[in-house]
Amino acid sequence: MNTGHAVWARPSLFAQVTRPRRDGMVETMLHVSKLDSPHRVLDVEKRLYRLSGVRRVRTDVSARQVRVTFDAGELALPRLLDACEASGCAAEPMAHEHLDDATRTAHDDALKRMLVAGLFGMQAMMFACVLYIGRFEPIDASTLALFRWLGLLAAAPVVSYAAWPFYRHAMRGLRRHRPDVDTPIAVAASLVYLASVYAAVTGRGEVYFDSVSMLVFVLLLGRYLALRARKRHRALGQAMAATMPLVCRRRDERGHLHAVAVSELQEGDRVHVDEGGRVPVDGVLHSARVRLDEACLTGESRPCLRRRGEDIVAGSLVLDGPLELRVGKVRLRAASALPELPHATHSPSRVGVAKRDFTHVFGVQLLALTMLVALGWLYFDPGRAFDVGVAVLVVACPCAFALAEPATLTRAMMVLARRGVLVTKPEHLQSLTCAHHLFLDKTGTLTMPALTINRVQAFVGHQRDDVLRAAVALARESAHPLARALVHAIAPGDIPIAEDVTIEAGGGIRGRVEGRYLSLGRRGFNDTDVDGDADDDALWLFDEDEPIARLPFADQLRPSVPDMVKAFVRQGMTVTLASGDSVERVGTLASRLGIRDWHARQTPADKLARVEAAQAHGDKVVMLGDGINDAAALAAADVAVSLLEGTDLARVQAGLILTGDIGALVQARQVAVRAGQILRQNRRWALAYNVCAVPLAACGLMSPWLAVLAMSVSSLGVVLNAMRLRLPSAPAGDDVSVPGQRVPA
């Protein structure tokens with residue numbers, strides 16, 4: 158067995174790349190390189206089938222993926238990798254999310270049914286053309302009968318196969334005593350087809366095979382477009398997740414490399430990444446320099462040059478390696494957050510629950526209305542009762558209303574994902590449109606620490622440049638925000654190498670630099686009393702027990718914060734700054750941003766109390782924070798927004814996660830407002846359509862084929878209208894018209 162493959166036998170890693178089946182077997186998906194010829198495919202499959210315990214092998218040559226079903230009791234996962242390697246094709250297991258076929262299967266099934274409905278529906282319409290011509294030109298009865306039967310045969314696959322999802326959902330709703338939007342569709346399609354069959358067999362009455370085929374096709378087309386949008390949204394997450402390795406090589410204290418699971422890495426570990434590999438976790442570059450491709454994370458197509466001490470982002474591709482990095486604080490990056498987003502698409506929002514209740518009530522009322530109309534026509538004109546009843550049933554179906562919300566929300570989530578806003582809870586996006594009050598955290602959210610170069614103090618006997626070089630040599634070994642800020646503030650140059658480095662959690666860094674044993678940390682870290690403010694955001698450099706330099710830091714405002722605050726104030730929102738920092742720093746920042754309502758030295762309980770007080774006053778609250786002390790306030794807020802680099806607890810509570818520019822929150826609100834406008838347009842259109850069309854159908858002025866056409870166009874129009882949603886072209890600071898928004902005095 159290849160020793161490098163042995164790591165995949167570990168239970169924690171095995172669980173990440175396999176999925177248990179009901180029959181006791183397990184499945185895994187292998188990404189197999191060099192799977193580019195029929196000979197290699199046959200060789201790989203033959204070697205896999207030779208292994209005891211392998212039950213099934215399915216190969217996707219285009220994706221270079223092999224799905225293997227095997228008995229984990231008989232066969233270890235590393236042996237599968239050895240078998241692939243023996244055929245000259247290196248293989249690596251993929252995360253089990255890639256085994257989840259639900260979305261793909263639903264998409265493919267909807268596509269097949271839509272194509273069947275379209276193909277046979279066109280044939281039914283061609284045959285119906287002869288019948289329509291027969292109304293104006295003399296055609297013998299045998300020819301008309303022939304084309305009636307041809308229409309019956311053409312429509313049969315549409316009604317029996319393509320329309321089966323409507324029957325299945327309708328039967329499920331009836332069993333639960335909750336008819337839904339599919340119930341009238343299933344009833345209408347069945348009645349129209351059966352009535353047309355009766356007319357074709359007896360030669361009496363009209364046939365509507367083309368109409369029922371058109372009905373099913375257009376409804377399936379609308380649902381397919383919505384499902385396709387959800388599939389593309391899910392693909393965003395899977396594409397990012399596919400770039401992230403699950404196993405990496407860690408260098409031990411003796412300098413040896415060992416394969417370990419990425420989930421086992423700890424802060425401070427040294428990781429080796431070969432050229433062409435993906436960086437598994439965030440960290441600090443330990444190699445001299447390296448060129449990286451960060452396109453999958455930042456969208457920047459040009460390679461990025463990184464030097465020793467700079468931050469390296471997980472998912473980056475190493476172009477000219479190898480590289481070594483020191484692991485920073487392991488965080489959940491976009492690659493692991495994105496796969497959860499498609500599930501949020503299916504999570505019910507408050508509006509979605511109300512919509513389902515409406516469609517249930519409307520479905521019952523529609524069936525009752527149809528029966529009343531049919532009974533009325535049975536009294537006045539029995540010969541038209543069936544046609545009028547079917548027309549009412551079809552034209553009044555609330556399909557457009559049912560499609561309005563999922564189509565619009567799915568499109569909005571896709572648009573925002575491209576802008577760097579991950580929507581994990583759709584109801585938060587809906588609440589963002591009517592928010593009145595924005596609460597902001599300061600440290601780590603609006604500001605980042607930055608070294609104040611012109612205030613660096615080198616004490617007597619030491620040169621400023623020398624102490625900076627020594628401090629950077631120690632700082633680049635740490636992932637602490639102040640250490641990172643120090644490294645970024647100093648231009649790369651002749652920086653010495655720190656040896657025998659030790660990092661004390663919550664304390665500082667110790668190491669040997671150019672023969673001297675130095676330490677870098679906060680005031681009092683080295684058990685040495687030095688003068689300074691208790692709130693001093695400075696790092697101190699010590700030589701043994703003697704302080705030799707003081708490096709002060711100041712808050713650096715994120716570039717887009719001023720414009721973001723101005724934009725929200727212009728839109729009529731109340732902006733509150735609540736921070737645990739000192740009164741002086743919070744007040745200075747609030748004054749700079751023009752925020753009148755600010756509060757310093759806030760505990761998590763204080764922030765929570767202020768959010769709840771605003772809500773008690775009737776405000777819809779947006780909370781933007783990134784730390785553990787923001788989690789309670791984020792959980793209570795109507796709209797919780799966090800940063801990708803924030804703490805895990807903050808991101809769990811968030812409904813929106815900002816992966817890049819914090820100013821994207823303004824565009825998120827613009828998109829949410831626009832999505833709300835489109836949603837209201839769709840609902841008004843659905844209401845107007847029903848108000849106008851139902852009376853016409855009930856009065857006998859609309860035939861079944863015209864009712865089918867009207868309802869189909871209405872449903873398709875809703876989906877196409879939702880697809881119009883785009884990112885706003887206006888600057889972030891432009892006004893946004895929000896219904897019901899208060900205007901500041």
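Read in order, the letters of the sequence shown correspond to residues 158 to 902 in this note's numbering. We put the CB at the ideal spot given by N, CA and C, even for glycine.
Straight-line gap, residue i to residue j (C-alpha atoms, nearest Å)
i	j	result
residue 581	residue 813	6 Å
residue 251	residue 406	17 Å
residue 792	residue 779	11 Å
residue 472	residue 823	27 Å
residue 811	residue 176	29 Å
residue 469	residue 655	19 Å
residue 562	residue 668	59 Å
residue 377	residue 878	17 Å
residue 314	residue 273	7 Å
residue 748	residue 476	45 Å
residue 790	residue 591	19 Å
residue 530	residue 553	12 Å
residue 825	residue 410	47 Å
residue 408	residue 484	11 Å
residue 527	residue 341	10 Å
residue 282	residue 373	13 Å
residue 429	residue 404	11 Å
residue 338	residue 549	14 Å
residue 173	residue 423	19 Å
Three-state secondary structure (DSSP) of residue i
i	result
residue 337	coil
residue 814	strand
residue 314	helix
residue 164	helix
residue 769	helix
residue 207	helix
residue 296	coil
residue 279	helix
residue 429	strand
residue 371	helix
residue 241	helix
residue 118	Nothing can be reported for residue 118, as the shown portion of the chain is limited to 158 through 902.
residue 721	helix
residue 271	helix
residue 412	coil
residue 448	strand
residue 149	Nothing about residue 149 can be read from this structure; the chain reaches only from 158 to 902.
residue 756	strand
residue 799	strand
residue 363	coil
Residue interval of the beta strand (DSSP E) (run including residue i)
i	result
residue 250	248-250
residue 654	Note, residue 654: premise wrong, no beta strand (DSSP E); not H, not E.
residue 705	703-714
residue 674	673-678
residue 328	Segment 321-332 is the alpha helix (DSSP H) holding residue 328; no beta strand (DSSP E) there.
residue 782	Counting along the chain, residue 782 falls outside any beta strand (DSSP E), and DSSP gives it neither H nor E.
residue 699	695-700
residue 735	731-735
residue 186	183-189
Buried or exposed (CB count within 10 angstroms, at least 16 for buried), residue i
i	result
residue 171	buried
residue 594	buried
residue 868	buried
residue 704	buried
residue 565	buried
residue 286	exposed
residue 991	Lying before the first or after the last residue shown, residue 991 is absent from the chain, which here runs from 158 to 902.
residue 432	exposed
residue 854	buried
residue 764	buried
residue 358	exposed
Terminal residues of the alpha helix (DSSP H) in which residue i lies
i	result
residue 861	861-879
residue 744	740-750
residue 853	821-855
residue 629	621-632
- [ ] Give, in chain order, every unbroken run of the alpha helix (DSSP H) that is at least 4 residues long and sits entirely within the segment 522-574.
- [x] Fully enclosed alpha helix (DSSP H) runs of 4 or longer: 539-552.
Task: Runs of alpha helix (DSSP H) wholly within the segment 574-603 (minimum 4 residues, chain order) - done: The segment 574-603 contains these whole alpha helix (DSSP H) runs: 583-589.
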